[in-house]
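Q:
Protein chains: 2
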Amino acid sequence: MTGTTLDDYTDRYARRVRGMTASEIRALFAVASRPEVVSLAGGAPYIAALPLDAVGEMLGRLAAEQGTTSLQYGIGQGTLELRERICEVMALSGIDVNCGASPEDVVVTVGGQQALDLVARLFLDPGDVVLAEGPTYVGALGVFQAAQAQVVHVPMDDDGLVPEALEAAIAEVARSGRRAKFLYTIPTFQNPTGVTLTDERRERVLDICERAGLLVVEDDPYGQLGFDGDAPAPLRARRRDGVFYLSTFSKTFAPGLRVGWILAPHAVRDKLVIASEAQILCPSNYAQAAVSTYLSTMPWREQLKTYREIYGERRDALLAALADLMPSGTTWTEPKGGLFVWASLPDGLDAKAMMPRAITARVAYVPGTGFYADGSGAGNMRLNFSFPPPERIREGVRRLASVMEQEMAMRQVFGPVARPSHRRRGQAGADVPGPDLA
Amino acid sequence: MTGTTLDDYTDRYARRVRGMTASEIRALFAVASRPEVVSLAGGAPYIAALPLDAVGEMLGRLAAEQGTTSLQYGIGQGTLELRERICEVMALSGIDVNCGASPEDVVVTVGGQQALDLVARLFLDPGDVVLAEGPTYVGALGVFQAAQAQVVHVPMDDDGLVPEALEAAIAEVARSGRRAKFLYTIPTFQNPTGVTLTDERRERVLDICERAGLLVVEDDPYGQLGFDGDAPAPLRARRRDGVFYLSTFSKTFAPGLRVGWILAPHAVRDKLVIASEAQILCPSNYAQAAVSTYLSTMPWREQLKTYREIYGERRDALLAALADLMPSGTTWTEPKGGLFVWASLPDGLDAKAMMPRAITARVAYVPGTGFYADGSGAGNMRLNFSFPPPERIREGVRRLASVMEQEMAMRQVFGPVARPSHRRRGQAGADVPGPDLA
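Protein chains in written order, with the working numbering: chain B, 3 to 440; chain Z, 3 to 440.
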């Protein structure tokens, strides 16, 4: 598992962890995927917590009893049955008929990634600007890059996206004569920071976008994974118009089925379906039947509770380990849900440059540079707490802290000259992993 | 089943059956999907021929016993295990190590559709020209349209793509100062015609493309569904370079899993993976495990034989019914495999205009206009023989023949004036279904 999860990230991060070639990163991750390495790098849910026997029985019956439909072609928009279940799921977080949510306007996608790609395909022309939190989801940066759009990051603090910074970014883009097509935001338990946009800021952000005529693309994979009570209502629950709502069953059920969705403004629903058909013809009938049967026949709310409990415990383990073990000068976010903590390293440490040594010390993380379009983030790392058990998390942090302390000591002895990347912070560099990786 | 299959086609054809709005076609297909309608319109495999109990058991075990990997994220390129199985499948038709086929260069996709979309995304810029058989796969036209490319059709005869016509088309495009990026071709048991490019022409087509520096995108969903012996070796088996080979398990196993692949030239393999990750992050681990387990533990060659026998029998039923029942002046192809027959109507009949009346007579087909980018094909229809059983096929043809005879009689009485579409053949029209559809 750990291997698969890391492999999964190899190629994606290879292209975003600046300063390493794909093959270098691949070599790095090949080492990192060894079982003795504690990986805080992934973003995988803890599938072992699912009742796999019961899920298996359900999946088996889907083929044996309904194979002539579940194994057959389906329709481009996705099955009505699943779209109805999706509306029930959304209603739990306040996106319901009162704000115009309807199975009619749901488009089933191949995970949240295709949802995002479809929105990009519909709206982005080369040279367009997308506003997004800085840092943001690495897969979104891949989509925007593929669309030849330019990402302008909007700074965050512990309360999420900073509204004043959003206003400034919109004004700045306008002044430069470019066109911002939408704000891409993960307001709840954000990837990679774990930060949640406050209730009050949600309203301000929506008002700002409304005034600027800016669409909002709300990505909400983690909203139902709150450990300390419910998250603030999604943006889409607050505004009927101007918000695309994207989500997925990857974090609440299983990513291996690749089922996500878009709740789209009615006017563009057909266009999204056409775009999706050109990409994939139709989503998997079998995977859709799996999710809708799971939702209609199995105790999925209980399962969500289980995920929340497990992840909450692991979040606690990570935060405690960080507090106990990290060298002073390190800071980190304290997420109330989701999968990730975002750490800021003591001044002078470079998470990317440090990575080969961290992996030699048998701990892996994702350097912050992967989450910015502009080369920032060298002083940051993303730490995952959903996959490794608590004691492994603590051991991972212990190893990480030790590597950081060695780095800081080396820095005192040799000075920054020994690590050329520090002189080029924020730029594409060439931090080749040393022979310690071989 | 019939309903789902037809629904599946509704949206796609709605945009390709020129002269009807999406909602008109939707209404038409809603009626067409009633069980009393014999549908020769779909393109669905006969899933009921699968050993569904055994497949169900296998799928159940995949989750129960391997859920922590099969339900987890995977890698963008697809699992090595499946890519190895895919190479075994390709080797059966001559695409093997001797012509450089390797799991390294296979990219697993969401059905054949995503394979095609990825190739388009990689190569096509707005305004580019794609050469394709006329008629060709409706989903390919959707991809090329989404890429804002222009399709130049190359005529076919009973031996497939006409090499001289291909040369002429290449020259014509060059003369017009445009750039043809690739030839898109379905050489074996083509959709929609069922026609197969002969051995000798395969070599000539490859030579022509090689001389012109034109890439070949070979789409081969049906190659293993030959009824009268093996099909000629695929283009990719004949040339190591310059050919993208696309295929799918939708026709040989089950379309509901959405698993296809590209065998790509090594130099662009990484680019395809990057493009796929931006679209879907990774293909479904579960669906991939389903296919690779099916291929490694179940008698899939026997199953192929079963599909071939069933479809062969149904092809015979369709050809016999056409010979027995069609009004004179009707001609059709005689496919040696695949799922489709392409019929040419007696002069003056318009398949699209006739469709509402056909559906009222409880038979459905796809009008030929759907398979051309340029509005041709009004005098043609595609007839599917993989899904309906032989007696239904015959009954469908009987109803169709009767509708055609009525049309011809009406035409004699009222003349072409009664059917305005005939005056605008080849152009976008507005053939609104009459009240007989209500």
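All residues carry an ideal CB built from backbone N, CA and C; glycine is no exception. All figures in this text were calculated on a predicted structure; none of them were measured in a lab.
Once the 5 residues before and after B:L227 are set aside, which same chain residues still bring their CB inside 8 Å of it?
A: Excluding positions up to five away in sequence, the list reads F191, K253, T254, L306, Y309, R310, Y313, G339, G340 and L341.
Q: Closer than 8 Å between beta carbons: that is the criterion. Which residues of the stretch 134-163 of chain B meet it against chain Z?
A: Hits within the stretch, in order: G141, G144, V145, Q147 and A148.
Q: Look at the Cβ atom of B:P128, then the Cβ atom of B:Q147, and state whether they are nearer than 9 Å.
A: Cβ atoms of B:P128 and B:Q147: not closer than 9 Å.
Q: Quick one: does Z:T7 have its CB under 9 Å from some CB of chain B?
A: Interpretation of Z:T7 is limited by its pLDDT of 43, a score under 50 that renders its predicted location unreliable; the figure taken from the coordinates is listed afterwards. With 9 Å as the cut-off, Z:T7 counts as an interface residue toward chain B.
Q: So what's Z:F125 in DSSP terms, helix, strand or just coil?
A: Here Z:F125 sits in helix by DSSP.
Q: Kindly say whether B:S252, judged by its beta-carbon, lies nearer than 9 Å to any beta-carbon of chain Z.
A: So, interface residue.
Q: Does B:N287 have its Cβ less than 9 Å from a Cβ in chain Z?
A: Yes, its Cβ sits closer than 9 Å to a Cβ of chain Z.
Q: Pull out every residue of the stretch 55-67 of chain B whose Cβ sits closer than 9 Å to any Cβ of chain Z, in chain order.
A: Against chain Z - using a Cβ distance shorter than 9 Å - the residues of the stretch 55-67 of chain B are D55, A56, V57, G58, E59, M60, L61, G62, R63, L64, A65, A66 and E67.
Q: Below 8 Å on C-beta distance, what does B:T70 contact in chain Z?
A: Going along chain Z in sequence order, the residues near B:T70 (Cβ under 8 Å) are M3, I49, A50 and L54.
Q: Rounded to a whole number of angstroms, what is the C-alpha to C-alpha distance between B:G78 and Z:L248?
A: Each residue's Cα considered, the two are about 21 Å apart.
Q: Hey, how far is the Cα of Z:R271 from the Cα of Z:V108?
A: If you take the alpha carbons of Z:R271 and Z:V108, they lie about 8 Å apart.
Q: According to DSSP, is Z:S249 helix, strand or coil?
A: Three-state DSSP puts Z:S249 in a strand.
Q: Enumerate, from N- to C-terminal direction, the unbroken beta strand (DSSP E) stretches of 3 or more residues contained entirely within the stretch 335-379 of chain Z.
A: For the stretch 335-379 of chain Z, whole beta strand (DSSP E) runs of length 3 or above, ordered along the chain, are 342-346.
Q: Between Z:V110, Z:V33, Z:A167 and Z:P236, which lies nearest to Z:G200 when the distance is taken from Cα to Cα?
A: Correcting the residue type first, residue 200 of chain Z is Thr in the shown sequence and not Gly. It is Z:P236.
Q: Quick check: the Cα distance between Z:E212 and Z:R181, rounded to an integer number of angstroms?
A: Their backbone Cα atoms lie some 15 Å apart in a straight line.
Q: Name, please, each residue of chain B whose Cβ falls closer than 7 Å to the Cβ of Z:Y367.
A: Within chain B, no residue comes near Z:Y367; the closest Cβ sits about 17 Å away, beyond 7 Å.
Q: Output needed for B:D49: all residues of its chain with C-beta closer than 7 Å, excluding positions within five of it in sequence on either side, in chain order.
A: Checking the displayed sequence, the identity of residue 49 of chain B turns out to be Ile instead of Asp. Correct list, in chain order: A256.
Q: To the nearest whole angstrom, what separates the beta carbons of B:A353 and B:M383, a pair I think is in contact under 8 Å?
A: At roughly 4 Å, the Cβ-Cβ gap stays under 8 Å, so B:A353 and B:M383 are in contact.
Q: What residues from chain Z crowd round B:A256, counting only those whose CB sits closer than 7 Å?
A: Near B:A256 (Cβ distances below 7 Å), the residues of chain Z are L73.
Q: Could you give the C-beta distance for B:G80 and B:Q290, rounded to a whole number, given that I count them as a contact under 8 Å?
A: About 6 Å separates the two Cβ atoms, so the contact holds.
Q: For a contact defined as C-beta to C-beta under 7 Å, what are the partners of B:Q116 on chain Z?
A: The contacting residues are Q281 and I282.
Q: Leaving out the 5 sequence neighbours to the left and right, which residues in its chain are closer than 8 Å to B:T333 when beta-carbon positions are compared?
A: A345 and S346.
Q: Closest to Z:S2 by CA distance: which of Z:G372, Z:Y288 and Z:M406 is it?
A: Past the edges of chain Z, shown from 3 to 440, lies residue 2 of chain Z, and the structure says nothing about it.
Q: Looking at Z:S41 and Z:P390, is the spacing between their C-beta atoms short of 9 Å?
A: Closer than 9 Å, so yes.
Q: Just the Cα atoms here: how many angstroms apart are Z:L283 and Z:G350?
A: Going from the Cα of Z:L283 to the Cα of Z:G350 covers about 50 Å.
Q: Taking only three categories from DSSP, how would you classify B:N287?
A: Correct three-state label for B:N287: helix.
Q: What does the alpha-carbon distance come out to for the pair Z:L94 and Z:A134?
A: Taking the straight line joining both Cα atoms gives about 26 Å.
Q: Give the residues from the stretch 89-122 of chain B that approach chain Z closer than 7 Å (Cβ to any Cβ), ordered along the chain.
A: So the close ones are V112, G113, Q115, Q116 and D119.
Q: Could you tell me which uninterrupted beta strand (DSSP E) segments, each at least 3 residues in length, are contained entirely in the stretch 193-261 of chain B, listed from first to last along the chain?
A: Runs found: 217-221 and 245-250.
Q: What is the C-beta distance between B:V131 and B:V175, in whole angstroms, given that I count them as a contact (C-beta under 8 Å)?
A: Right, the Cβ-Cβ distance comes to about 5 Å (below 8 Å), so this counts as a contact.
Q: Any C-beta of chain Z within less than 8 Å: which residues of the stretch 75-87 of chain B qualify?
A: Hits within the stretch, in order: Y75, G76, I77, G78 and Q79.
Q: With a cut-off of 8 Å on the beta carbons, I'd call B:F184 and B:L216 a contact; round off their distance for me.
A: Confirmed, about 6 Å.
Q: So if DSSP puts B:S41 in a beta bridge, which residue, or which two residues, is it bridged to?
A: DSSP, once it has assigned bridges, lists B:A366 as partnering B:S41.
Q: Using DSSP's beta-bridge definition, name the partner residues of B:T308.
A: Looking at the DSSP assignment, B:T308 forms no beta bridge with any residue, so it has no partner.
Q: Confirm, please, whether the CB-CB distance from B:R63 to B:S294 is below 9 Å.
A: No, they are not a contact pair.
Q: Figure out for me which residue from B:I361, B:G258, B:I395 and B:T299 has the closest Cα to the Cα of B:L324.
A: B:L324 has its Cα closest to that of B:I395, out of B:I361, B:G258, B:I395 and B:T299.
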